[in-house]
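Enquirer:
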Amino acid sequence: MGHWLERNIIEPGKLPLLLALTAFVLTFVITRVITRLIRAGKGPFGNVKAGGLHIHHVVPGVVLIIVGGFGAVASARQGFGAALAAIVFGIGAGLVLDEFALILHLDDVYWTEEGRKSVEAVVITAALVGLLLAGFSPFGVNDLSADELQSRGTVIANIVANFAFSLVALSKGKTRTAIFGVVVPLVAIVGAVRLARPGSAWSRRFYGNRPHARARSGLRAYHHDRRWAGLTRTLQDWIGGKPDRPEPARLPGRR
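Under my numbering, the first residue of the sequence shown is numbered 22, with each subsequent residue one higher.
#1: Is the beta carbon of Asp119 less than 7 Å from the beta carbon of Thr52?
#2: Once DSSP output is grouped into helix, strand and coil, what is the label at His78?
#3: Can you tell me which of Ile86, Leu256 and Val150 puts its alpha carbon nearest to the alpha carbon of Val109?
#4: Which residue spans inside the segment 204 to 271 form an unbroken alpha helix (DSSP H) run of at least 4?
#5: Going by other Cβ atoms of all chains shown within 10 Å of its Cβ, with 16 needed for buried, is Glu27 buried or exposed?
#6: Quick one: residues in its chain with C-beta nearer than 7 Å to the C-beta of Thr133, no 5 flanking neighbours on either side, listed in chain order?
#7: Give me the residue from Gly194, Leu74, Trp249 and Tyr228 with the minimum Cα distance to Asp129.
#8: Can you find the residues in the same chain that come closer than 6 Å, C-beta to C-beta, to Asn68, ignoring five residues on each side of it along the sequence?
#9: Determine, using beta carbons only, whether Arg137 and Gln257 come nearer to each other than 7 Å.
#10: Does DSSP classify Lys193 as helix, strand or coil?
#11: So, at 7 Å on beta carbons, what are the nonlocal neighbours of Ile30 in its own chain, with the 5 sequence-adjacent residues on each side left out?
#12: If we count the other Cβ atoms within 10 Å of its Cβ and call it buried at 16 or more, is Trp223 buried or exposed?
#13: From Ala44, Gly151, Gly72 and Val150, pick the residue whose C-alpha is nearest to that of Ile112; which is it?
#14: Using DSSP bridges, identify the partner residues of Ala71.
#15: Should His245 go down as buried or exposed, given a rule of 16 or more other Cβ atoms within 10 Å for buried?
#16: Alpha carbons only, please: which of Leu42, Gly82, Trp249 and Pro33 is nearest the one belonging to Ile145?
#17: So is Ala178 buried or exposed if we call it buried at 16+ other beta carbons inside 10 Å?
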């Protein structure tokens, strides 16, 4: 374990990334626990207000990202300064992405359906950083044998190919597949060879005069969403809490 940590984390300079990811995940978990306690009216916690203004935790998150980012640039690649900057940056990123939906919609949608986007952004970010952290680093390691150099060259070629397939998958409206396909081999290929989703750039460009392809695309997207939407919602509710139910519409003139 010690040799693996030295070879794959410390020597390639990925220890700050490990610290940032750990701080990011812990901050998100702690923040969600506190916000859910506030929502339920339990515990000693409460919303932060100044002069009647609700201070969202994205505000200190932005400040910490700035401090951690500039601290990382100013410090050496390794050492206490780099580690501290990584932790500060990870905490700030956790606070900011926990309110990603607020930034996207410019509205307080934390406990609404739109607020699910924050949970999705955090999960995707943590998964991608974790894959990069645990993966085989093609750069930054000294004293490599000929076989290791050849292996790392193969990895670099695979990354380039996966990135190309990821661009195709992204143009087909398969964002998650495209993102994970950059890191995980074969994932992007699956997204690239399958039918594009309705309304995607690929669909508009290549399915315009192909009504059969458009119909198959719409039918496949419908069945896919019907199969996975419930599971996705359940997972998001378990991680971030169930959103508030929308108030029923009232007819004019009634109270």
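All residues carry an ideal CB built from backbone N, CA and C; glycine is no exception.
Expert: Reading from the atomic positions:
#1: yes
#2: coil
#3: Ile86
#4: 208 to 214, 222 to 227 and 232 to 261
#5: exposed
#6: Pro264 and Asp265
#7: Leu74
#8: His75
#9: yes
#10: coil
#11: Leu36 and Leu39
#12: buried
#13: Ala44
#14: Leu74
#15: exposed
#16: Leu42
#17: exposed
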